[in-house]
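Notes follow the structure.
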Amino acid sequence: MITFSNVSKAYNNHEVLRDISFKIEPKEFVSLVGRSGAGKSTLVRLLIGEDKPTKGRIVFGPYEINKLQSHELPEVRRRMGIIFQDFKLLPKKTAYENVVFAMEVAGRSEEDIDEAAPQALELVGLGKKMRNYVHELSGGERQRVAIARAMVNQPDVIIADEPTGNLDPVNTWGIINLLLKINELGTTVVLATHNKDIVNQLEHRVISLDDGMVIRDEDKGKYILT
Amino acid sequence: MFTTLARIIKYGFQNFWRNGLVSFATILVLLLAVIVFQGMMLFGEIGRQAIDAVQDKIDISVYFVSNAPEDEILRLKEALLTLSEVKSVDYVSKEEALELFKERHADDPTISQAIEELEENPLRASLNIKAQDPNQYSLIAGFLEGDASQNIIQEVSYSQNQVVIDRLAKVLSLSRKIGVLLTLVCATVAIIISFNTIILAIYSNKEEIAIMRLVGASNAFIRGPYVIVGIVYGVIAVLAAMIIMAPFIYAASPYVSVFITGMNLWGFFLGSFFKFLGYNLLFGVGIGVISSVIVIRKYLEI
Ligand SMILES: Nc1ncnc2c1ncn2[C@@H]1O[C@H](COP(=O)(O)OP(=O)(O)O)[C@@H](O)[C@H]1O
Ligand SMILES: [Mg+2]
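Respectively, the protein sequence lines represent chains W and P.
Be aware that the first sequence starts at 1036, since it is given in my numbering, and climbs by one per residue.
Be aware that the second sequence starts at 247, since it is given in my numbering, and climbs by one per residue.
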């Protein structure tokens, strides 16, 4: 489903990612770990087509991400659910409107939206607060909205970059459990994080990055950096 | 396709309402630009009519010797009318000249009486020639000099007024050029200010645009609502400008008609209301839409 082949990325002649290769199969739950500055976010940006690699090939389903033109990007993005540390919700909109926006953008019908948007918000536990504006929600609640938005179009993969970075431990586990639930329902999940506790309890595949290189790639892996 | 358009329009209006303060400020700037534009249109019309009025007062008069045969004069009139430079030729016969003279001096008993006592009509027949353009009088004068009817022409008034007419022609063409230049300068300033205001307003939405792209919004879906907002801004600004300007035009109209006889500013406004509205909408909506498209293009880097 996702393949990185000999991918490198340099900013001003400084290599941030070096010769990265891995493959992610459908329905996997993969944690991408490494200390701050290891290159996790850069890797995520390349995967979602936000930035282009200096070298190498990135394939996602039928798309060759490194060769996409900017007008082809929206189509690809609709097949990814993307979650960030800072939520990236549309301000001046309610929780419900944020989820609806993603559906409208994908060209879903009104009937479809009326049914699926409340369902997605119920699933993340925000059924009662769907009509709240973003600024009326706590950090944990905002991230739940972002997850509802990410999954509502039934994407092929959920890509989360430090989704719990701004949250307390209780909310952190709430969010991680949601990601696990979505994965159990059949969606691939890629989770970039430097949170050791989470990774060690998950017992899923772990790809470890250090200084822009993959130093470890293990099933049921642990967070080990040496 | 239709659903997408409906959604784009929905978000356009939503952006408009939820960005209340920005919308208000932008409309205010656009309103000023539209008022400048309206002012230019009105001053342009006043200027045109003023120039026309002055131009209408310029003419060449050809006076004929007292025994000039009428058919000779009429032949000359026809010949003049074939010239492309000539706008109109009026024939004033000796009798008509006398009538006019009497009318003019009806209040003056001494002159009236003197006229009555005359046995012969002392006035001369004349042709009053108007040119299409004040620069063309010298050409017409030249034509008269070369014409076969020299012997019946007693006097051409142009030669005496030549300097005045030439100077007036220069002033008129200069004031036209200045008018066009002023219009261009004002319009440019208004457009630049409006552009910048709208660009600033959209700039404040930079973050939002990035988020829209993240969830897979197409460029049309992102740009569309801004274009809708641009249209709404333009329409509101134009309607507000019309409502604000109308009473001023109505109040100014009598004063204008004192300076330029025959000019009815209010009548012009009412008479060309839809043309006026159309141009204004083109201007206001044009600025709104074009600046939105420019700034969004810059952000989407396409
Ligand atoms: N746009 C950029 N320009 C220059 N350097 C960058 C840019 N983005 C990231 N970097 C550098 O790349 C390295 C990896 O950053 P990042 O991918 O954000 O790491 P992580 O997410 O693992 O903390 C850092 O040294 C960072 O300074
Ligand atoms: Mg990071």
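No residue lacks a Cβ here, since even glycine has one placed at the ideal position from N, Cα and C.
Backbone secondary structure at residue i - three-state DSSP
i          : result
ARG1166(W) : coil
GLY476(P)  : helix
TYR404(P)  : helix
ILE548(P)  : Here ILE548(P) scores only 45 on pLDDT, less than 50, and its place in the model is too uncertain to base an answer on.
GLU1099(W) : strand
MET1115(W) : strand
GLY532(P)  : helix
GLU1253(W) : strand
GLY1142(W) : coil
VAL1159(W) : coil
ASN265(P)  : coil
ILE1037(W) : strand
Alpha-carbon to alpha-carbon, residue j and residue i
i          : j          : result
GLU1110(W) : ASP1232(W) : 35 Å
ALA1185(W) : PHE529(P)  : 42 Å
LEU1215(W) : PHE1064(W) : 8 Å
MET488(P)  : SER538(P)  : 24 Å
ILE548(P)  : MET247(P)  : For ILE548(P), the predicted model reports a pLDDT of 45, less than 50, meaning its position is unreliable and no value from the coordinates is stated.
ILE386(P)  : VAL402(P)  : 11 Å
GLN1120(W) : MET286(P)  : 54 Å
ARG1053(W) : ILE1250(W) : 11 Å
LYS323(P)  : SER312(P)  : 17 Å
ILE306(P)  : LEU373(P)  : 8 Å
LEU516(P)  : MET1138(W) : 49 Å
ILE468(P)  : LEU1124(W) : 15 Å
ILE506(P)  : TYR496(P)  : 16 Å
MET509(P)  : ASN442(P)  : 38 Å
MET1036(W) : VAL1224(W) : 11 Å
ARG321(P)  : ILE297(P)  : 32 Å
ASP1246(W) : ASN1041(W) : 15 Å
ASN1101(W) : VAL1192(W) : 18 Å
VAL478(P)  : ALA252(P)  : 15 Å
GLN378(P)  : PRO315(P)  : 28 Å
VAL1068(W) : ILE1148(W) : 35 Å
HIS1170(W) : PRO500(P)  : 57 Å
HIS1049(W) : GLU453(P)  : 28 Å
Below-7 Å beta-carbon distance, residue i vs any chain P residue
i          : result
ILE1117(W) : yes
PRO1109(W) : yes
ARG1112(W) : yes
LEU1125(W) : yes
GLU1139(W) : yes
GLY1072(W) : no
Residue-level contact to chain W via CB, residue i, 7 Å cutoff
i         : result
ILE548(P) : In this predicted model, ILE548(P) has a pLDDT of only 45, less than 50, meaning its place in the structure is not dependable enough to derive any value.
GLY462(P) : yes
ILE468(P) : no
ILE542(P) : no
ARG422(P) : no
ILE536(P) : no
ILE474(P) : no
GLU291(P) : no
Cβ-Cβ separation, residue j to residue i (assumed contact under 8 Å), whole Å
i          : j          : result
VAL1159(W) : ILE1194(W) : Between ILE1194(W) and VAL1159(W) the Cβ distance is about 17 Å, and since that is not below 8 Å, they are no contact.
VAL300(P)  : LEU418(P)  : 7 Å
LYS1075(W) : ALA1227(W) : 4 Å
LYS376(P)  : SER440(P)  : Contact flag wrong, Cβ pair sits at about 43 Å.
ALA1151(W) : VAL1187(W) : 6 Å
SER1066(W) : PHE1039(W) : That belief does not hold up - the Cβ atoms of SER1066(W) and PHE1039(W) are roughly 15 Å apart, past 8 Å.
Ordered list of beta strand (DSSP E) runs contained in the segment 1172-1248 of chain W, each at least 3 residues:
1192-1196, 1223-1228, 1240-1245
Give, in chain order, every unbroken run of the beta strand (DSSP E) that is at least 3 residues long and sits entirely within the segment 296-371 of chain P.
306-310, 332-338
Complete runs of the alpha helix (DSSP H) confined to the segment 445-507 of chain P [at least 4 residues]
452-460, 465-505
3 or more residues per run - each beta strand (DSSP E) lying fully within the segment 1040-1086 of chain W:
1049-1059, 1064-1068
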